[in-house]
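Peer 1: Sharing a structure below in C-alpha cells format, with a few things to ask.
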Amino acid sequence: MYTEKVMDHFQNPRNMGEIENASGVGTVGNPKCGDIMRMYLDIDENQVIRDCKFKTFGCGAAVATSSMATELVKGKTVEEALKVTNKAVMEALDGLPPVKVHCSLLAEEAIHSALWDYAEKNGIKIEGLEKPKTDIHEEEEEEDY
Numbered sequence: 029m030y031t032e033k034v035m036d037h038f039q040n041p042r043n044m045g046e047i048e049n050a051s052g053v054g055t056v057g058n059p060k061c062g063d064i065m066r067m068y069l070d071i072d073e074n075q076v077i078r079d080c081k082f083k084t085f086g087c088g089a090a091v092a093t094s095s096m097a098t099e100l101v102k103g104k105t106v107e108e109a110l111k112v113t114n115k116a117v118m119e120a121l122d123g124l125p126p127v128k129v130h131c132s133l134l135a136e137e138a139i140h141s142a143l144w145d146y147a148e149k150n151g152i153k154i155e156g157l158e159k160p161k162t163d164i165h166e167e168e169e170e171e172d173y
C-alpha cells in the first residue's frame, strides 16, 4: 500500500521539531481526518531557507509528506520553495494511495502558510503567494487528481 520511501520517512522522519524564533511558521489542518501540520522556516537575508522543521499530528502519510516537504525546501530560495507542489511531494515519495493525497496537499499548504507568515513579518510580497487556507477539505483534494 505504501512505498518504501513513504515508510522510511514515516519511521525515520527528517527535520522533525521546532525552530525557535522561526522566520515563518505555518499551521494547516484537515478537519475531516484530523491531521494537523505545522511547518517552521529559518530564512536568511538572501531569502534562502537555511532550515525547515515540522510537527505533525496525523497518520503515517501525513508524517511522511511533512518530512519530505522539509527536505524539498531546505536550501531553496523562497521563490523556489513556493513552487513545491503536492504533486512534487508525492513524486518524491514514489506515490501515495488516493485516499492519502490530502496529506500532500497539507504539506504544500503548510509551506505556503509558513512563507506567508514570513512575508507578513517582514512586510514583503512574495510573487505568486496567495493567502493560504488553514483548513484543507476533502472536496478540494479531488480537484488535484
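In this text, residue positions in the sequence shown follow the working numbering: the first is 29, and each later residue adds one.
Virtual Cβ for every residue (Gly too), placed ideally from N, Cα, C.
(1) Identify the continuous alpha helix (DSSP H) that holds T98 and give its terminal residues.
(2) Is it the case that the Cβ atoms of G54 and A147 are separated by a distance below 8 Å?
(3) Report the three-state DSSP secondary structure of C61 (helix, strand or coil).
(4) Identify whether D36 lies in helix, strand or coil by the three-state DSSP scheme.
(5) Taking the continuous alpha helix (DSSP H) assigned at D145, which residues delimit it?
(6) Please determine, among D72, K33, A92 and E155, the residue with the shortest C-alpha to C-alpha distance to M44.
(7) Return the residue from the list A97, G151 and K111 that minimises the CA-CA distance to M65.
(8) How about A116 and L134: are their beta carbons less than 8 Å apart?
(9) Among G86, G62, P59 and K104, which has the Cα closest to the Cα of E73?
Peer 2: Let's see:
(1) Along the sequence shown, read from residue 1 onward, the residue named residue 98 stands at position 70. Counting along the chain, the alpha helix (DSSP H) containing T98 begins and ends at G88 to V101.
(2) The count along the sequence shown starts at 1 and reaches residue 54 at position 26. The count along the sequence shown starts at 1 and reaches residue 147 at position 119. No, the pair does not count as a contact, with Cβ atoms beyond the cut-off.
(3) Taking the first residue of the sequence shown as 1, we reach residue 61 at position 33. If DSSP states are grouped into helix, strand and coil, C61 belongs with coil.
(4) What you label residue 36 is simply residue 8 of the sequence shown in a count that begins at 1. Helix at D36.
(5) Counting from 1 along the sequence shown, the entry for residue 145 is found at position 117. Judged by DSSP secondary structure, D145 falls within the alpha helix (DSSP H) whose first and last residues are V129 to N150.
(6) Mapped onto the sequence shown, residue 44 falls at position 16. The shortest Cα separation from M44 among D72, K33, A92 and E155 belongs to A92.
(7) In the sequence shown, the residue the question calls residue 65 occupies position 37. The shortest Cα separation from M65 among A97, G151 and K111 belongs to A97.
(8) For the purposes of this step, residue 116 is taken as residue 88 along the sequence shown, with counting starting at 1. For the purposes of this step, residue 134 is taken as residue 106 along the sequence shown, with counting starting at 1. Contact: no.
(9) Within the sequence shown, residue 73 is the residue found at index 45, counting from 1. Taking only the C-alpha atoms, the option nearest E73 is K104.
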